[in-house]
Every structure is written in C-alpha cells, then in structure tokens.
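These notes concern the structure reproduced below.
2 protein chains.
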Amino acid sequence: MSVTNTQKTAGVIIIGNEILSGRTQDLNVAYIGKSLEKLGIVLAEVMVIPDVEETIIDRVRSYSSNYDYVFTTGGIGPTHDDITTESIAKAFGAKLIRHPDAVASMERYYEPGTLTEARLKMADVPEGALLIDNHVSGAPGFQINNVFVLAGVPDIMRSMFDALMERLIGGPPILTASVFTNLTESRLAEGMKQIQEACPAVSIGSYPYFKRGELGVNIVLRSVDESLLSKQLTLITTLIEKTGGVVLEEQR
Amino acid sequence: MSVTNTQKTAGVIIIGNEILSGRTQDLNVAYIGKSLEKLGIVLAEVMVIPDVEETIIDRVRSYSSNYDYVFTTGGIGPTHDDITTESIAKAFGAKLIRHPDAVASMERYYEPGTLTEARLKMADVPEGALLIDNHVSGAPGFQINNVFVLAGVPDIMRSMFDALMERLIGGPPILTASVFTNLTESRLAEGMKQIQEACPAVSIGSYPYFKRGELGVNIVLRSVDESLLSKQLTLITTLIEKTGGVVLEEQR
Chain A
1 MSVTNTQKTA GVIIIGNEIL SGRTQDLNVA YIGKSLEKLG IVLAEVMVIP
51 DVEETIIDRV RSYSSNYDYV FTTGGIGPTH DDITTESIAK AFGAKLIRHP
101 DAVASMERYY EPGTLTEARL KMADVPEGAL LIDNHVSGAP GFQINNVFVL
151 AGVPDIMRSM FDALMERLIG GPPILTASVF TNLTESRLAE GMKQIQEACP
201 AVSIGSYPYF KRGELGVNIV LRSVDESLLS KQLTLITTLI EKTGGVVLEE
251 QR
Chain B
253 MSVTNTQKTA GVIIIGNEIL SGRTQDLNVA YIGKSLEKLG IVLAEVMVIP
303 DVEETIIDRV RSYSSNYDYV FTTGGIGPTH DDITTESIAK AFGAKLIRHP
353 DAVASMERYY EPGTLTEARL KMADVPEGAL LIDNHVSGAP GFQINNVFVL
403 AGVPDIMRSM FDALMERLIG GPPILTASVF TNLTESRLAE GMKQIQEACP
453 AVSIGSYPYF KRGELGVNIV LRSVDESLLS KQLTLITTLI EKTGGVVLEE
503 QR
C-alpha cells in the first residue's frame, strides 16, 4: 500500500548475531507488523544487524530520523554480548543511569538476595528514558525519543509491545480482506493488474500457496477505505468466477 | 564474531509487503544464514523492504557495493505486484530480455499450451544475467553481478539457493559449539565476559531459554579456529560446573 503524507511510519531493528547465523528464527517482525497494522501505522522497513556497537548507533540514528517510530529487539539482557542499551545511549549522547523504578520492578520478580550486579545491569537505561513494563520477567524495556527498546525473547517482547501501544499515535486502521482460490496466480495476473490500476487506494497482493498438494493463490486487499475495499473485493471474486475458479475462502 | 579482512560478507534483502504486514512469516533468512555459515561467509545484514521500485533499486545498489554477495527473495512471480526483476534490471541499467533457457526450463514444468504470457513474464531477466535453476516449479532465479535474485516461497528459494552455492567463494567454515545449562544467564555473566575478553577470535553468545517450565541458558561459541574453539568450550563448561550448574547438552 502506498504511504500517504498523513500516515505514520515505523522501522524495526532486530539486533542479534543469532538471527543472522540462522540459529534463532525471528518471530518478532510478524507480531510487530500485525500490531502496527491494527493501529494504522505502516511498517516501512526492517533491518537485522549484528551485536556491533557502531552498527547499532548508525542504524538507530538513521531510522530515528526517517520514521515516526522505531522498535529495536534484542541485546538488553545481562551478559557481555548484550550491548544494545549502551549503544543506544551513545546514539543519543545520553549517559546511562540505574533507574530506581526498574530496580523496584525487578525486585518484585526476583527472590530476595538474588538481584546480583549482573542482573542489575538490566536496570540501567539512558538518562531521560521512559520505562516499558515487562510483565513476564520484570526487567523493563525503555523508550528514548521515538525509539522503543525491547527484549528479543518473543514472550517478553510481546508483553513490552502491548504495554507501550498506548504511547503510539496511529491513523485509520489498515483494513484487509483476503480471498483464497484454486486458480493459479498467472491465470488471474492480467485481470488483477487491471483491478489494481483502476484503484491505487486498495493495494492488492497475490501469494501462491500449496495446501494438501493443491496449488492455489491467496489474494490480499488492503486499504484504509472500507467501501473501496468492498468494491474491489467484489471485482476480485467476480474475476475468479469468470475465469472458471472457485472462491474457497473469504476473510474480512 | 568480528569480521576479518579476508572474510567474505553477504547481505540479504527480503522483498515483500506480506512480510512487513506480518501476514507471512519469513523463513528464508534462517536458511540462508545457516548455509552461508557453512561456507565461511558472514551474513552481515538483512533488510525487509516493501514492493516499491525506488526502494528496491536503492537498497540493491547499496548492498551490492557494500557486500561480496547479495541475495534477494520475493517478487519474481507472474503478477502485478511482482516488480523485483524489473527493478533490479533498472538498478544495474540493464534491459529485460526473455531468456530462451528460462523458457525451455518452464516448458519442462508446464503442460503444453499453458505457458501463458503472464507465466512467460517469469522468463524475463536482465540482459547478461546468469540463470539459477529452480527444481520445484521451473521458473528460474537469476544472478546479475554479485546479486542473486531468488523466489520468496521457501521451498523454491531453497532449491535455488542450493543450485547457486557452487558459485560462491567462501572461506574457512565458521565452526560452532553449543552448551546448554540449567543456570540463569546472569550467574554466568561475569565469568563469560572474562573468557570472551581473553580470546576475541572465539565469539561467545548467550541465549536464555524456557523449556518444559525450566529456565536456562544456551551458550554458543563460534570461530574459524578449531583448537581455540575447543579451548574456550572447556573454559565455559568448567565455569558452569564451578558455578554449581549442570552441563545439560553439548553440541559440536
């Protein structure tokens, strides 16, 4: 979908050697993408970068200038390879402070006497940052300017994302409609192209699939305008039927 | 792991609105990351971008200059939203031609008479490009300069990636060793930091996990030097035992 001038945009930076090496499968992009869509915020770009300070500083600065909101995941744990917090503080020229509310939050999750110095490192945030609650394991994320710094572990990331959503100002939610058919993509290509070109305000995506040995296509329509979306959906289902196909499933 | 001067590097560009919207879960980064590691090529950065021509052109040019190898996935199908091939041709100032070997490959996969114009669009590649075999559905990927243009559907992407691997010149394979323990990350943090600092040639990553309700940590060591890797692995298992933990699983 084309981005209009009034639409808010976001960028996501996934920080972690383990994603680049293929050892860990990222699951956070899909969650953030879906959540932003409901808020009417367009996820414009995602980057996966290694745990390297100068790379983190450079990319965070660039995304912070280019997008309304930036989300980072990963690298805020207690070990030597967790360098995200310190790097982001440097990106904004802020010093690290031990945040008393972060310490208090962690005290509620850890047994007395087990809040070691290594763990307390997770209570250090750039001066002036706003904390982001973590209802899974206590150690919070934080927000500095338009950058939201989240954990990499999916359960914790989701808890933090849900907690920060009220701080985001979105737009009209991006509505989607989806049709599955038994036709192959290429048989619908020319008709879909014409339907798309006649109405750029509804973006039409086409995704081939294999299901129980059957080839088919999933057509996805996206728009902020409900009546245009309905109109285009009707054109697509009519196209499928005229081409001799079956509408297997329709989702709104 | 820090990149040495002699190590080859790669960048991956995932092209597709459906990944950014969270509708489709990317599975290609992990496959490419693992495969490159075996070849001794460092995956330095990944980007996910929308199906927008100027974005594709800009990012492909920039990655092509910055990395030894670039892999793109997605957007090479037959429909109106498949604009990757055309955009990459423009990025390199090449014109599109219908490649006879691509047509011949598709003829082997399609019933006679079903190679429509929409399908034949998939046989168009930038002039001078080398084809990349697709043993799943016939329509090939292609290589232009140091950029390898692959399908987005994981089965097809893997077939293409396996077919192109012989064109990549790697380095010594990156060896990994992995230890699981029942200790939490923070109890090992200080010891791991010392072991890491004493030997930068072996990178040590630490990844907390939850498994059957139990909290623990997976420590991953990576290096091109087998004897240093062994030495550091021994230091890590000794650290775990001295800290009162159990080495649950060791993988080489």
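Top line first, the protein sequences correspond to chains A and B. Letter by letter, the first sequence follows residues 1 to 252 in our numbering. Letter by letter, the second sequence follows residues 253 to 504 in our numbering. Idealized CB from N, CA, C, for every residue including glycine.
For the region 332–344 of chain B, residues whose beta-carbon sits nearer than 9 Å to a beta-carbon of chain A comprise H332, D333, D334. DSSP places E306 (chain B) inside the alpha helix (DSSP H), whose first and last residues are 305–318. Classified as buried, Q395 (chain B) has 16 or more neighbouring CB atoms from the shown chains inside 10 Å of its CB.
Annotation: Cβ neighbours of R119 (chain A) in chain B (cutoff 7 Å, chain order): S438.
The beta carbons of D124 (chain A) and I97 (chain A) sit closer together than 8 Å.
Residue-level contact check: G274 (chain B) touches chain A, since one or more beta carbons of chain A fall below 8 Å from its beta carbon.
DSSP, reduced to helix, strand and coil, places T428 (chain B) within a strand of the structure shown. Ranked by how close their Cα comes to the Cα of Q448 (chain B), the residues A:V246, A:T79, A:L239, A:M192 have A:T79 in first place.
When only Cα atoms are considered, S178 (chain A) and T495 (chain B) end up about 54 Å apart. Under the criterion of beta carbons closer than 8 Å, V52 (chain A) and I13 (chain A) do not qualify as touching, at roughly 12 Å.
Within the region 24–40 of chain A, contact with chain B at the beta-carbon level (separation under 9 Å) is assigned to T24, Q25, D26, L27, V29, A30, Y31, I32, G33, K34, S35, L36, E37. Looking at the DSSP output, D376 (chain B) shares a beta bridge with B:R350. In this structure, N280 (chain B) and T324 (chain B) do not form a Cβ contact; the two beta carbons are roughly 10 Å apart against a cut-off of 8 Å. Listed along the chain, the chain A residues whose CB falls inside 9 Å of the CB of K347 (chain B) amount to none; the nearest CB is some 21 Å away.
In this structure, B:I271 is the residue among B:Q503, B:S357, B:I271, B:D320 with its C-alpha nearest to the C-alpha of G327 (chain B).
Interface flag for I301 (chain B) against chain A is set, since a Cβ pair is found closer than 8 Å. The region 431–439 of chain B makes no contact with the region 410–417 of chain B; the number of CB pairs closer than 8 Å stays below 3. For F92 (chain A), no alpha helix (DSSP H) segment is defined, and its DSSP state is neither H nor E. When only Cα atoms are considered, L291 (chain B) and K260 (chain B) end up about 10 Å apart.
Here K95 (chain A) is exposed, its C-beta having fewer than 16 other C-beta atoms within 10 Å. Proximity of chain A to Q448 (chain B) at the Cβ level (cut-off 7 Å) is accounted for by H80, in chain order.
N269 (chain B) reaches chain A at M1, S203, G205, V220, R222, counting residues in chain order whose Cβ is nearer than 9 Å.
Per DSSP, reduced to three states, the secondary structure at I408 (chain B) is helical. Burial is judged here by how many other beta carbons sit within 10 angstroms of a residue's own beta carbon; N134 (chain A) has at least 16 and is buried.
Counting along the chain, A450 (chain B) sits inside the alpha helix (DSSP H) bounded by residues 437–450.
One Cα belongs to S479 (chain B), the other to R158 (chain A), and the distance between them is close to 40 Å.
Restricting attention to B:R275, B:A282, B:V294, B:S287, the CA atom closest to the CA of A262 (chain B) is found in B:V294. Straight across, the Cα-Cα distance linking E442 (chain B) with A118 (chain A) is about 7 Å.
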